[in-house]
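First residue of the sequence shown? That's 10 in the numbering used here, and the numbers climb one at a time after it. These notes are about the structure you will find just below.
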Amino acid sequence: MLQLQRFAALPLALALAACATTATKEAPAPAPTATAPSPKVMVSAANPLAVEAGLNVLRKGGSAVDAAVAVQAVLSLVEPQSSGVGGGAFMTYYDAKTRKVTGYNGRETAPAGATDTMFLDASGKPLPFPVAVTSGKATGVPGAVAMLSMAQAQHGKLPWKDLFGDAERLAADGFVVSPRLAGMIASPFPQAGVPDAKAYFTKPDGQRYQAGDVLKNPAYAATVRKIAAEGPKALLEGSIAEAIVAKVHEGPLPGTITLADLKSYKPKSGDAVCRPYRVYIVCVPDAPSSGAALLQALGILSHTDIADRGPTDPQAWFLFAQASRLMYADRDRYFGDPDFTPVPIEGLLEDSYVAQRATLIGDVAGPAPGPGTPRGAGALAPDATKEPGGTSHFVVVDADGNVVSMTTTVESIFGTGRMVGGFFLNNQLTDFSWAPVNADGAKAANAVAPGKRPRSSMAPTIVLDREGRFVAAVGSPGGNSILAYNLKALVGILDWKLSVQDAFNLPNLIARGDNIASEPARYAPGVVDALAAKGIAFKGSGGEGSGLHGVMVTPQGLQGGADERREGVAKGF
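And the structure:
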């Protein structure tokens, strides 16, 4: 079964046959689409303007990756609190012709001058978060555009230069500020108070932009024109690169990014990490994405009867919470950049190890479980990664059946709050562990190192059937809660046979260590009290809410969903 973890490069039938003996469930029952009669293409994203940009590309015969380029370019403008050309991303891509699933890694990298103590003060204590997150030290080399360029060169149908028209037009002519963006502009987040962000979001009369106002960004229009003409070199070399370096080197706490760091950035691609779950195959990007932790949680749940229950059953949510706690315990200890730290994915996903972890679920929730010892595990320090929220997710399905599932981020709200070229710089390096070494000298898997990519909870997911055909794609923002959000969606769709939208509307339950957060009002009557009796007591709502977006195949055509907690839509034709 070990070959299943990256079976995309192998004959798909072998992997699917290997898991057929574990099949216990049928494919999702047909559900009516809420978007259009028998849609064959679809975009689900966090802002209607970005969705329309993607659909415009698809109408012109563009591919899923072509549309993804357009979607990201518009999100960078209209949802700058979450993602942008100054950030990074992971993409899972399904090729309908070959039935191969590829993972693309556009995660930011630490500059050559980074050190493992860069987020500690003179006394060795972690810097205050508001100080670190707005500092020059927080910015890593951006990778989203370079990753999209790599994928589009391999899977695009339209010229790269023709994919930025909507973004340029909206930036030059202006776009209507959405309620969510307006809320972030008026928020107490430290980045909203950084001089660049304040200047951008302040009207000539001195008032902050509010929902319904029209915001223009001519600097971003010029940036996307340059990206359209030059590709990722527009950001990683030349005048914009020089501006990035200058902005990062400004105080307080200047960073060390150089022009050489930017020019040397390279995105990565490879076979997706895939595992069987009931009659399905679930695929995610390789580390430093945490997608494999999501696969482990599904594996743990496959040893329970959660699929025979449903969202009104307290025991189903108890099983979900306990599997989540086990998943996070292992993820937090073992995941990092595999180019620097061995990540024992094979051991974490071995049937025997997953089965052993499942035996720890018990009848009531006890103290937080610790990490296990999977095959290949090294001696690693406890993790101290803060990983704040931010981020966006979108899904595109094109007319040929190719699929993009992409999670993209500038990290926390508005990144560092520092801007160049009309876009925000990321604060991605704060995704590293802030306590790199423990008392016995063992290093954390996610400790900072030059050239290293920080661990990410991003886990853009694609689900196939036993023949390697596309079934569904989902993903979410949410910091370290992403894994819980994605897991909920997959259980809802694959186990409980819900529509995409109904699965997204389920209560979020984030169980990580002794911190268990949820949305009590979303449960059926009696569930919250029954969970409390089993030791699952909620503490808050889990921080940043979910932003799930997804698409599923039904006999009636594609069915999309967009998290009602945000402003997204799913549309197709």
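Every residue, glycine too, gets a C-beta built ideally from N, C-alpha and C.
C-alpha distance - residue i paired with residue j, whole-angstrom precision
i	j	result
PHE329	GLY133	38 Å
LEU310	ALA316	9 Å
ALA45	GLY566	At ALA45, the pLDDT of 45 sits below 50, so the modelled position is not reliable; the number obtained from the coordinates is stated separately. Roughly 9 Å between the two C-alpha positions.
ILE519	SER527	6 Å
LYS256	LEU434	9 Å
LEU84	ASN56	7 Å
GLY192	ALA571	20 Å
PRO564	SER47	9 Å
ASP538	PRO199	37 Å
GLY97	GLU117	5 Å
GLY183	PRO378	51 Å
ASP523	ILE253	40 Å
GLY122	LEU157	26 Å
PRO397	GLY487	Only weak support is given to the placement of PRO397: the predicted model assigns it a pLDDT of 49, under 50, and the value that follows is read from those uncertain coordinates. Answer to the nearest angstrom: the Cα atoms are 8 Å apart.
ALA176	ALA237	11 Å
PRO188	GLU88	11 Å
ARG464	ASP214	42 Å
ASN517	ALA231	40 Å
ALA454	GLY431	35 Å
LEU86	LEU190	11 Å
MET159	PRO320	41 Å
GLN331	GLY544	10 Å
LEU67	PHE138	42 Å
VAL186	GLU576	12 Å
PHE441	PRO204	26 Å
GLY165	SER72	6 Å
Nearest to residue i (by Cα), restricted to the options the options
i	options	result
TRP90	ALA453, TRP505, GLY424	For the record, residue 90 in the displayed sequence is Gln; it is not Trp. Out of ALA453, TRP505, GLY424, GLY424 has the C-alpha closest to the C-alpha of GLN90.
VAL405	MET336, GLU576, ARG340, ASP104	ASP104
ARG478	VAL562, LYS461, THR124, ARG575	VAL562
GLY145	ALA493, LYS580, GLY556, GLN437	GLN437
LEU268	GLU239, GLU251, GLY371	GLU251
GLY95	LEU271, LEU496, ALA512	LEU271
ARG531	ALA512, THR124, LEU335, GLY399	ALA512
ALA569	SER508, ASN411, VAL78, VAL291	Correcting the residue type first, residue 569 is Gly in the shown sequence and not Ala. For GLY569, the nearest C-alpha among the options comes from SER508.
SER555	ALA208, PRO534, GLY484, GLY581	GLY484
ALA181	ALA62, VAL233, ASP474	VAL233
Exposure label - residue i; buried when at least 16 CB within 10 Å
i	result
SER248	exposed
SER466	buried
THR417	buried
HIS558	buried
SER401	buried
PRO294	buried
HIS258	exposed
THR30	Below a pLDDT of 50, predicted positions are generally treated as unreliable, and THR30, at 31, falls in that range; no measurement from the model is reported.
LYS275	exposed
LYS106	exposed
ALA390	The pLDDT assigned to ALA390 is 45, lower than 50, so where the model puts this residue is not dependable, and the model offers no usable value.
GLU573	exposed
PRO261	exposed
THR111	buried
GLY101	According to the sequence shown, residue 101 is Thr rather than Gly. THR101 is buried by the Cβ-count criterion.
LYS461	buried
LYS497	buried
ASP314	exposed
ASP407	buried
VAL223	exposed
VAL373	exposed
Residue i: first and last residue of the uninterrupted beta strand (DSSP E) it sits in
i	result
SER414	412-418
ILE519	518-521
MET100	97-104
N- and C-terminal bounds of the alpha helix (DSSP H) containing residue i
i	result
ASP322	Careful: ASP322 lies outside any alpha helix (DSSP H) and carries neither H nor E.
ARG284	Note, ARG284: premise wrong, no alpha helix (DSSP H); beta strand (DSSP E) at 282-286.
TYR209	204-209
GLY570	Counting along the chain, GLY570 falls outside any alpha helix (DSSP H), though it belongs to the beta strand (DSSP E) covering 566-571.
LEU473	No alpha helix (DSSP H) holds LEU473; the beta strand (DSSP E) holding it covers 470-473.
HIS164	153-164
Residues of its chain near residue i, where Cβ-Cβ distance is below 7 Å and the 5 sequence neighbours each way are ignored
i	result
GLN324	ARG318
ALA301	VAL282, VAL293, ILE354, LEU357, LEU358
PRO529	VAL537, PHE547
ALA141	PHE128, ALA147, THR439
ARG217	ILE194, ALA195, PHE210, THR211
ARG366	ILE309, LEU335, GLY381
VAL150	GLU117, THR118, PRO120, ILE266, ASP270, LEU271, TYR274
Close Cβ partners of residue i (< 8 Å) along its chain, the five nearest in sequence each way excluded
i	result
TYR337	ALA302, ASN489, LEU492, ALA520, ARG521, GLY522
TYR362	GLY356, GLY381, PRO383, ARG384
Closer than 6 Å: residue i CB and nearest the ligand HEM heavy atom
i	result
ALA155	The ligand HEM is not part of the structure shown, which contains no ligands of any sort.
Cutoff 6 Å; reference residue i; Cβ partners in own chain excluding five residues on either side
i	result
ALA59	VAL80, VAL83, LEU84
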